[in-house]
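What follows is one structure encoded as structure tokens, with my remarks underneath.
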Amino acid sequence: MHTRSRPATRVPDGTSGSDLREIVRRAVVSGAGEVSTEALLREIGSGRYRVEVAEVGQYL
Numbered sequence: 018m019h020t021r022s023r024p025a026t027r028v029p030d031g032t033s034g035s036d037l038r039e040i041v042r043r044a045v046v047s048g049a050g051e052v053s054t055e056a057l058l059r060e061i062g063s064g065r066y067r068v069e070v071a072e073v074g075q076y077l
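Here you go:
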């Protein structure tokens, strides 16, 4: 297996455990319950798993 096809080598520095969980969750949902290397790489490449934090107006 080539290094470039390993999803773990493709995540950016600073990727959190929560980010990894979201990447896998999105891959499972998009694959109807199946996870593939291609689905994981697609999710990593999209960057949609990253949380966007609002600068103003977000209260917990």
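Counting from 18, one number per residue, gives the positions in the sequence shown under the working numbering.
Backbone N, C-alpha and C define an ideal beta-carbon position, used for all residues, glycine too.
The C-beta distance from A44 to A56 rounds to 4 Å, short enough to fall under 8 Å.
With a threshold of 16 other beta carbon atoms within 10 Å, E72 falls short and is exposed. Put simply, of V41, D30 and G50 the residue whose alpha carbon is nearest the alpha carbon of Y66 is V41.
In this structure, the CA atom of G31 is about 20 Å from the CA atom of S22.
When rounded, the separation of the alpha-carbon atoms in S53 and E60 is 11 Å.
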